[in-house]
Amino acid sequence: MKNLFILSIALFTILQSCSNKENISKLQRPNLLSDTNTKASCVFLTCDQHKNPVISWVQIDNNGVKHFYFANWNNQRNSFSPSITIPVLSNTSIHEEGMPKIAFKGNDTIVATFETSVPVKNMRFGLSDIHYEISFNKGKTWTTPKPIESDSSHIGSRSFGNIIRLSDGEVGITWLGTDPNNADHARPVYFAKSNGNKGFGKPILIENAGCQCCRTALSTDERGHINVVFRDLLPGSVRDIGISSSVDNGQNFSKPISFSNDHWVIDGCPHDGPSIVSKDDKKYVAWFTGAQKYGVFYAELDKNNQMVTKRQLNPNGRFVQLCLMPDGERIAAYNVEYQQKDSFYSKIIVNKINDKGLFEKLITLPNVNASYPVVQAIGDQRIIVAWTDNNRIYYKLLNIASITEIPAENNTEEVIPFKRPREMPKMALSTDPVCGMKINEKTAMDTTLEHGKIIGFCSQKCKETFLQTAEARR
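Under the numbering used here, the residue at position 372 of the sequence shown is numbered 373, and the numbers go up by one with no gaps.
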């Protein structure tokens, strides 16, 4: 009898252990959003006029046809409702930095935007444009797509845009334009605002010289304040982060300020734009830099756009996005690449930032290739994080109380006074010093400053090798 009792206890323990492992597995496994027989990408999160999450994404079927979808959050089921199709043109451009997006006005009106591309001889990416369409019946039908600048849709390019609902119920949009006199070196940053059912109004020039291929970012609050954040292009090919603000709902904007002080010198665009959220007089910005202090960073700005604090979130992070919780806590999501034996993977990390410090949580399974995360608050204590992994879209619902791990390092703040970067010399070498590949100012993927000279590299890996050997030589 005693042996039978012990056997029963052992069996119960084994079954309980298996049950716990199964529950943990279910908790860790994300939800698949896209169809398995298509190539999905460009996931985007926003909220409707009632602050309910809405997700959008793109799928390309086996025939090469592009499909743009959105889905509303179902609070009863804690999942997204069936998808709704948004029609797009056949020449729609599909890339993460300039992905199709949607925004909801103060009523049931939905505005969708997407980029297009027209092939042009001797131009690698052709001429791009941003089109918009409107639905007045919750996505059942859509207006005919129109360019955001209808009077000049065939002059220059417009791309890398972002869109957001403003406090007056209208929609604001930012993008990179083209300066005919400086097309190869910088792109102007513009803002425009919707005007009822008449489309978008006249564009406002925010900055003359923005980085060529990084997405722009927008934030707004209930007082009619709007912030436009972008990667700036400063003298010497410095690619730091800049901001311009409006206190009158987009009628006028302040003189742009470059605040990040990374002093990242690179003769090329990193294709990795910033993110911003704001509340009252505080603005919170996150971005990637490839400067000597590398990775994703976070900063708080005051009402005059002066940096109050700055901290490194992760030295290996890329493509960071922010959201703001109702109580003011900030949530950052980004992907981190890592190597395991001979294979490379990418994971999603979520940070919680508040007055107590910086906390993090890994939310993806091992050995995946998760990237381009987006994040949106749902209620007071939960967030939705979505990402792309091997041509599929996944998402996970997360309680921010579970974000409790303290990073082993980088949990420090710093304040760096702004200094206008001096004019930098051109690249000193015509070959990568690590692998010997021939490079020039246009083909170099990254650079570093060594003894007053700019050294170029064909890849980030070669730069890291160079910096490691340089550190060993010191």
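We put the CB at the ideal spot given by N, CA and C, even for glycine. Note that the structure is predicted; figures quoted are calculated from it, not measured.
- By the C-beta criterion, the segment 263-271 is judged not to be in contact with the segment 246-253, since fewer than 3 inter-stretch pairs fall below 8 Å.
- The DSSP-derived three-state label of Cys270 is coil.
- Within the same chain, Gln382, Arg383 come within 7 Å of Asn400 by CB-CB distance, once the 5 residues on both sides are set aside.
- Contiguous beta strand (DSSP E) elements confined to the segment 72-159 occur at 85-87, 102-105, 111-121, 124-136, taking only those with 3 or more residues.
- In its chain, beyond the 5 residues on either side, Ile56, Phe81, Ser82, Ser84 have a beta carbon closer than 6 Å to the beta carbon of Ala72.
- In this structure, the alpha-carbon of Asn315 lies about 25 Å from that of Ile258.
- In the DSSP assignment, the residues bridged to Asp233 are Gly211.
- The alpha-carbon separation between Asn355 and Ile277 amounts to approximately 16 Å.
- In its chain, beyond the 5 residues on either side, Glu301, Asp303 have a beta carbon closer than 6 Å to the beta carbon of Val309.
- Secondary structure at Ser403: helix, using DSSP grouped into helix, strand and coil.
- Taking the CA atoms as reference points, Thr117 sits about 15 Å from Arg216.
- Two segments are said to touch when three or more pairs of C-beta atoms, one from each, lie closer than 8 Å; by this definition the segment 140-150 does not touch the segment 164-172.
- Excluding sequence positions up to five before and after His226, its CB lies within less than 6 Å of the CB of Val248, all in the same chain and listed in chain order.
- Residues Val119, Val121, Ser158 of the same chain have their beta carbon placed closer than 6 Å to that of Leu128, with the five preceding and five following residues left out of the count.
- In the three-state reduction of the DSSP assignment, Glu301 falls in the strand class.
- One alpha carbon belongs to Lys397, the other to Phe458, and they sit about 37 Å apart.
- Short of 7 Å from the beta carbon of Ile404, and not among the five residues preceding or following it, lie these beta carbons of its own chain, in chain order: Val351, Lys353, Phe360, Glu361, Lys362.
- Counting along the chain, the unbroken beta strand (DSSP E) around Asp390 starts and ends at 383-390.
- According to DSSP, residue pairing for Pro54 in a beta bridge involves Cys48.
- Distance between Trp58 and Thr466, taken at the CA atoms: about 37 Å.
- Within a 10 Å sphere around the beta-carbon of Ile103 sit 16 or more other beta-carbons, which makes this residue buried.
- In this structure, Trp176 lies away from Ser195, with their beta-carbon atoms at least 8 Å apart.
- The closest CA to that of Asp390, considering only Gly162, Asn336, Lys67, Thr142, is found on Asn336.
- Between Cys436 and Gln377, the beta carbon gap of about 41 Å keeps them out of contact (Cβ cut-off 8 Å).
- Leaving aside the five residues that flank Thr179 on each side, the residues in its chain whose CB is nearer than 7 Å to its CB run, in chain order, Gly157, Ser158, Arg188.
- The three-state secondary structure of Phe69, taken from DSSP, is strand.
- Here the alpha carbon of Asp268 sits roughly 45 Å from the alpha carbon of Lys141.
- Closest option to Tyr133, judged by alpha-carbon separation, among Glu98, Pro88, Asp109: Pro88.
- By the beta-carbon neighbour count (other beta carbons within 10 angstroms, threshold 16), Ser344 is exposed.
- Checking the DSSP bridge columns, you'll see Thr365 has no partner listed.
- Minimum Cα-Cα distance from Tyr191 among the listed residues Ser136, Gly173, Lys199 corresponds to Gly173.
- Note on Glu208: 16 or more other CB atoms within 10 angstroms of its CB, so buried under the neighbour-count rule.
- Where Ala193 is concerned, the enclosing beta strand (DSSP E) starts and stops at 188-194.
- Assigned with DSSP and collapsed to three states, Leu468 falls in helix.
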